[in-house]
Amino acid sequence: YNPDTGIITDVVQYYLKLREANKKGVANWVEEYTFTSAYGLNDVSPASMNTLLKDLKKANSSKFAKYHKYNHVSYEPELNCDCTCKQYHTCSIEFIDYEPYRECLQESVSCGAPELKNSGLFPFLLYIILNVKVVFNYI
Numbered sequence: 213y214n215p216d217t218g219i220i221t222d223v224v225q226y227y228l229k230l231r232e233a234n235k236k237g238v239a240n241w242v243e244e245y246t247f248t249s250a251y252g253l254n255d256v257s258p259a260s261m262n263t264l265l266k267d268l269k270k271a272n273s274s275k276f277a278k279y280h281k282y283n284h285v286s287y288e289p290e291l292n293c294d295c296t297c298k299q300y301h302t303c304s305i306e307f308i309d310y311e312p313y314r315e316c317l318q319e320s321v322s323c324g325a326p327e328l329k330n331s332g333l334f335p336f337l338l339y340i341i342l343n344v345k346v347v348f349n350y351i
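Counting in the numbering used here, the sequence shown runs from 213 upward without gaps.
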């Protein structure tokens, strides 16, 4: 973030292979991705987040596939996410209050997921920034 303005400029996601850390007695945090590079964004502004959410909702979105991979901390083998799964993810990104989230889930969707509503992007940005993951690596 920019310490002068307080504006978030990028997000770097790290993970920890907990089983390995426990075995070796050392926590080795590994960078999984940098948000702007991973999603091809210039910044993490609300406008960029809005554009990204629209892209995530598109049918056969490569950005959604990447999001889903990162959401599972690049766990191998990758888990399949069908249309219903995608709808749960995109609705939870877009809506943090239960009632709008529930309404989003009730919409009939194709594999493109529901259309973006004018709900604001702070829930999405907070979800990404606050979504710290630790891998329980059983491989």
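Glycine included, C-beta positions come from ideal geometry on N, C-alpha and C.
Query - Closest residue to D222 among V256, L268 and E315 (Cα-Cα distance) - result: Closest in alpha carbon position to D222, among V256, L268 and E315, is V256.
Query raised in the report: With burial defined as no fewer than 16 other Cβ atoms inside 10 Å of the residue's Cβ, what is the status of C297: buried or exposed?
Result: exposed
Query - Pair within 8 Å by beta-carbon distance, L353 and Y282 - result: The shown model of the chain, from 213 to 351, leaves out residue 353, and the question about it has no answer.
Query raised in the report: Can you list, in chain order, the stretches of the alpha helix (DSSP H) that have 4 or more residues and sit fully within the segment 225 to 311?
Result: 230 to 236, 247 to 251, 258 to 269, 274 to 283 and 295 to 306
Query raised in the report: Taking C-alpha atoms, which residue in L228, A233, N272 and K278 lies nearest to T248?
Result: K278
Query raised in the report: Is E315 helix, strand or coil when you go by DSSP?
Result: helix
**Report entry** Proximity to V285 [Cα-Cα], best of T217, A233, Q299 and Q225
**Finding:** Ranking T217, A233, Q299 and Q225 by Cα distance to V285 puts Q225 first.
Requested in this report: Select from L291, D216 and D267 the residue whose C-alpha is nearest the C-alpha of T302.
Outcome: D267
Requested in this report: Pull up the distance between the alpha-carbon of D294 and that of L253, whole angstroms please.
Outcome: Rounded to the nearest whole angstrom, the C-alpha separation of D294 and L253 is 26 Å.
Report task. Please work out which residues of its chain come closer than 6 Å, Cβ to Cβ, to I220, disregarding the five sequence neighbours upstream and downstream, and give them in chain order. Result -> Y213 and V256
Query raised in the report: Which same chain residues, not among the five before or five after Y245, have their C-beta less than 7 Å away from its C-beta?
Result: Q225 and Y282
Requested in this report: Run the CB neighbour count on S273, radius 10 Å, all protein chains shown included, and call it buried at 16 or more, exposed below.
Outcome: buried
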